[in-house]
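The listed protein sequences derive, respectively, from chains A and B.
At position 157 of the first sequence the residue is numbered 1220 (my numbering), and the sequence of numbers has no breaks.
At position 453 of the second sequence the residue is numbered 1516 (my numbering), and the sequence of numbers has no breaks.
Number of protein chains: 2
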Amino acid sequence: MENKLKRFKEILALLRKYEHALGIMYFDFETIVPNGARDDEGDILDFFSNEHFKLSHSDEIKGLIQDLYQNKDKISDPLDVKLVEIWYENYAKTKNITPELDLKMSNIYSRAYSNWLKAKEAKDYSLFKDSFKEVIDIQRVAVNLRENKLEKYYDNLLDDCEKGMLQEDLDPFFNELKVGLIELINKIKNSKHVIRRDFLNRNVPIYKQEAFSKYLLELNGYDFNRGALTTTEHPFTSDIAKNDARVTTHYHEDMVLSNIFSVIHEGGHAIFMQNERDEDYDHFINDEITNGMHESVSRFYENIVGRSKEYIHLIYPKFIETFDEFKDISERELYEAVNIVKPSLIRTEADEVTYGLHIIIRYEMEKMICNNEINVNDIPAMWNKLYKDYLGVGVPNDSLGVLQDVHWSSGFGYFPSYAIGNCYNAMYIKRMEKEIPFRSLLEKGDFTTINKWMKENVFIHANVLTPKEWIKELTGESLSPKAFLKYLNNKYKDIYQF
Amino acid sequence: MENKLKRFKEILALLRKYEHALGIMYFDFETIVPNGARDDEGDILDFFSNEHFKLSHSDEIKGLIQDLYQNKDKISDPLDVKLVEIWYENYAKTKNITPELDLKMSNIYSRAYSNWLKAKEAKDYSLFKDSFKEVIDIQRVAVNLRENKLEKYYDNLLDDCEKGMLQEDLDPFFNELKVGLIELINKIKNSKHVIRRDFLNRNVPIYKQEAFSKYLLELNGYDFNRGALTTTEHPFTSDIAKNDARVTTHYHEDMVLSNIFSVIHEGGHAIFMQNERDEDYDHFINDEITNGMHESVSRFYENIVGRSKEYIHLIYPKFIETFDEFKDISERELYEAVNIVKPSLIRTEADEVTYGLHIIIRYEMEKMICNNEINVNDIPAMWNKLYKDYLGVGVPNDSLGVLQDVHWSSGFGYFPSYAIGNCYNAMYIKRMEKEIPFRSLLEKGDFTTINKWMKENVFIHANVLTPKEWIKELTGESLSPKAFLKYLNNKYKDIYQF
């Protein structure tokens, strides 16, 4: 077994080289490639992804995984056992996918992405519809080829994104969250308090926003020696290599706050990446953090930290020093402005309170689509109906509606993790507040202590535990929206004075 | 043969995918990779370069090249014949290099680059010396393995960079150039005319320089739809793919002119790349332009265009509008300032006149090194002596001397092409001026007509002709410094009033 494990890790080291190269190419594709070279570069990405697929699905590696799994009791290091289990499970998911099918899938997803861009630009769902249908169908084909398929089709997709969190967990979770959010939104609607918002769209030159973004990332503990900040159309964070976690953003001259919170959010993902355990990396278990865990951290920095009274107090002097455009705004006005609650059309611009409803709409629609309860033609109408029902807003066109997010051009299952993430972090900050003086550390800007706590508690086992095990270990409890609803009610009571 | 040619081109198409990917990775390495990830990314580049090497030196491709070359009279398309000849020749150069030796070479060059950086930073040649010795030795090992080795060792290296231009051509060329330049420099030294230079180091924020750089590139005809402009330590242009020729620059707040001419120079390379013939690309002959040809074009845009009276007249209004820091400078003062002649230490910052002497020093030193006439320990002293003898300047430390250029960390042969390029373009603008009203087009900013002439005459056959054939076709003459010396004398007579 010793030799087989050694050989297995040699192949993983080779795969890591391809992943590193693909990470660089993907980053280039999203940040700098000129329009005229986009298609060619997309082809290169597909080609090398397929080379990676072939290497990771060779007969040799399949044999090794099977052997190692059957003899895992003979492996001494528990991290190696974990590694073998992870690969065995993934292998059962994909072993029947041929390289040809893999390439076909890549092509469908690339085409869907490109048609989604066109449709969004033209505000016309019909330009995306056929590609969308292909995505829906090919994802089903791939799931049906799994050896370890779960009974309910949608559960497979949920499990891919947030291992073990299935419909039977999420249905009651989202129901409770929905009721709580609607109740809170009604309280806020009835509040008489008026938040000043006349300054929100003042123009600010981009070079000032660049300087401020860098300040925020450094303040929060992001290490620029192992990362970079650059621009893109739709911000993301890229885990390119062990010492290379890059943040991207999009500057708008007239939306300075949008960039600030996007940078803090993506910076949160990157801080998580920069603080994973070296042991996990050395054992090749460095890709197992779920989306929900990741969003819990990014939204911890964005909301619990970034939109807190203490953090606004901390950054306010630098804020008005950098942006003299805002020098007439008081600290309290800034704090309230970053916490305006208002039902709206766009998920990524939604506030902390209404955000959950955007996710619930997507969760309910994904269920309908995966259960074949809705025809692809009827998806925009259903979208618009749910936005009216849950958020009370009318959708004027598809770009502001069903086409707003990129996610569905590569399939289903991701959205729930955003809402799950919000609830995880509300659960673990309760413990954090008991163990360290979080609020006063925040006000002082002592991110060394805060990030140390995050590293030692939140980050430490994220690669090796399932979400259910992880949140239990971390908080003693199972996933629930209660702490999150309590956190929101406390915070917004003060802001909206109800 | 038809089928063999087809199969050969299939392999070339595959190699092109690797080159595209390597282009992206190399660009990333030079523009954005964080310091903490530099070594890992260097390893990835070496790994995929080596994969490319293996693919391009497989038994199959070797067999195909041999077969096709022996039967080239049966190939109908002359561009295909050319392609086979190019590959046959390169194959004779590298067929005896094993993948292991290729990887060893990559590692030596990577280490040399990294030690060069450290040595330059520390101003200490001794930190580079051992790596430099390794480079000198391994380059000789590789040349000795060639089947088509040229008798004089240095000729092989010159031939790699500027095919067919050997010592027997370059010795008289450089001698004539040296005499002419020293004569002109003496005239300028004796001139009583004083050029205003108090404003040269005024501070200008980088965002203004960014805007102006974009304006210049667009003005000169660079197509941003098939390229990009970004920053790096040592500016370069990257030919990543057919529709992806990227320009890089380095902004200094107190050296606004340095960025302007660097951008025009690199933009010139990129305009050349963007205007190669589609036929050459389709036949996979798109990598055959020599360094001398390329430098002739980049320095055409930088000097003949960029430092001309007409171009300064054209950009002056935008210049003072963008940089209000310079609003007290007249058009004539700006024109004179960009043409100050002054012997100095750094090649890349040298003026048009003294530049050639920097190259001649390097050429003479490369000859000594390649002929084993100098020990690696004695190189800095010789460098300093030649700078004193030819340029009259004392070298205070190695960073401002022998360590200033990156080139020697990857071997010898490149420098002469810079000087050759200057002389090529002085030769072909004589013809251009006969065929189109170059000076008045320039003053009007009509780059459409200028670039069309360049495309139809200078660019068109650059991939398929040797430099000697190309300059003969283009000008009816052979390489000579006469036109260049005449151009310089005319121009600087006006500026320095001698």
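Just so it is clear, CB atoms sit at the ideal spot from N, CA and C, and this is done for glycine as well.
Because the structure is a prediction, the values reported are computed rather than measured.
Can you tell me the Cα-Cα spacing of residue i and residue j, whole angstroms?
i	j	result
G1290 (chain A)	D1307 (chain A)	5 Å
N1170 (chain A)	A1205 (chain B)	42 Å
E1536 (chain B)	A1185 (chain A)	51 Å
E1329 (chain B)	Y1285 (chain B)	10 Å
I1523 (chain A)	T1293 (chain A)	28 Å
Y1154 (chain B)	Y1132 (chain B)	11 Å
E1351 (chain A)	I1138 (chain A)	20 Å
T1300 (chain B)	S1254 (chain B)	37 Å
A1482 (chain A)	L1240 (chain A)	9 Å
T1311 (chain B)	S1276 (chain B)	10 Å
E1429 (chain B)	S1121 (chain B)	34 Å
D1345 (chain A)	L1408 (chain A)	44 Å
V1360 (chain B)	I1367 (chain B)	10 Å
A1413 (chain B)	Q1560 (chain B)	21 Å
T1538 (chain B)	D1103 (chain A)	37 Å
N1552 (chain A)	I1149 (chain A)	40 Å
K1183 (chain B)	P1459 (chain B)	13 Å
L1190 (chain B)	L1180 (chain B)	9 Å
V1319 (chain A)	F1382 (chain A)	11 Å
K1372 (chain B)	W1533 (chain B)	29 Å
N1438 (chain A)	I1432 (chain A)	8 Å
I1423 (chain B)	N1349 (chain B)	30 Å
V1456 (chain B)	R1370 (chain B)	25 Å
N1520 (chain B)	G1331 (chain B)	16 Å
Return the residue from the list the options that minimises the CA-CA distance to residue i.
i	options	result
I1199 (chain A)	A:Y1379, A:N1435, A:L1420, A:F1116	A:N1435
M1356 (chain B)	B:P1459, B:A1333, B:D1414	B:A1333
L1397 (chain A)	A:P1380, A:F1386, A:I1375, A:Q1467	A:I1375
W1471 (chain A)	A:V1456, A:I1258, A:L1220	A:L1220
P1479 (chain B)	B:P1380, B:E1225, B:R1260	B:E1225
V1404 (chain B)	B:D1091, B:D1109, B:N1211, B:H1256	B:H1256
R1395 (chain A)	A:N1178, A:T1385, A:L1377	A:L1377
N1238 (chain A)	A:L1420, A:D1136, A:L1449	A:L1420
N1354 (chain B)	B:K1215, B:Y1487, B:F1347, B:L1463	B:Y1487
F1347 (chain B)	B:N1066, B:G1474, B:F1071, B:E1065	B:F1071
P1406 (chain A)	A:N1520, A:L1190, A:T1417	A:T1417
N1402 (chain B)	B:N1207, B:I1258, B:K1181	B:I1258
K1545 (chain B)	B:V1242, B:I1437, B:K1145, B:K1080	B:V1242
R1101 (chain B)	A:E1388, A:L1505, A:A1304	A:A1304
D1387 (chain A)	A:Q1272, A:I1327, A:Y1364	A:Q1272
G1099 (chain A)	B:R1309, B:Y1379, B:E1519	B:R1309
L1077 (chain B)	B:F1116, B:I1095, B:N1066	B:F1116
E1114 (chain B)	B:M1490, B:F1092, B:D1165	B:D1165
E1065 (chain B)	B:L1463, B:Y1364, B:F1092, B:D1140	B:D1140
Please state whether DSSP places residue i in a helix, a strand or coil.
i	result
D1091 (chain B)	helix
I1149 (chain B)	helix
I1248 (chain A)	helix
S1173 (chain B)	helix
D1232 (chain B)	helix
T1303 (chain B)	In the sequence as presented, Thr is not what sits at residue 1303 (chain B); that position holds Ile. Three-state result, I1303 (chain B): strand.
A1413 (chain A)	coil
A1308 (chain B)	strand
L1131 (chain B)	helix
With a cut-off of 8 Å, do at least 3 Cβ pairs link the stretch 1328-1345 of chain A to the stretch 1512-1520 of chain A?
yes
Any 3 or more C-beta pairs closer than 8 Å across the stretch 1106-1117 of chain B and the stretch 1164-1184 of chain B:
yes
Scan the stretch 1082-1104 of chain A for residues whose Cβ lies nearer than 8 Å to a Cβ of chain B and list them as they occur along the chain.
H1083, A1084, I1087, M1088, F1090, D1091, I1095, V1096, P1097, N1098, G1099, A1100, D1103, E1104
Three CB pairs or more closer than 8 Å across the stretch 1264-1279 of chain B and the stretch 1245-1254 of chain B
no
Chain A contacts made by the stretch 1105-1132 of chain B, where a contact means CB separation under 7 Å
I1107, F1110, F1111
Using a Cβ-Cβ cutoff of 8 Å, what residues of the stretch 1275-1290 of chain A are near chain B? List them in chain order.
D1286, F1287, N1288, R1289, G1290
Give a yes or no on contact between the stretch 1435-1450 of chain A and the stretch 1496-1507 of chain A, applying the rule of three or more CB pairs nearer than 8 Å.
no
For the stretch 1088-1095 of chain A and the stretch 1078-1092 of chain B, state whether three or more C-beta atom pairs, one from each stretch, are separated by less than 8 Å.
yes
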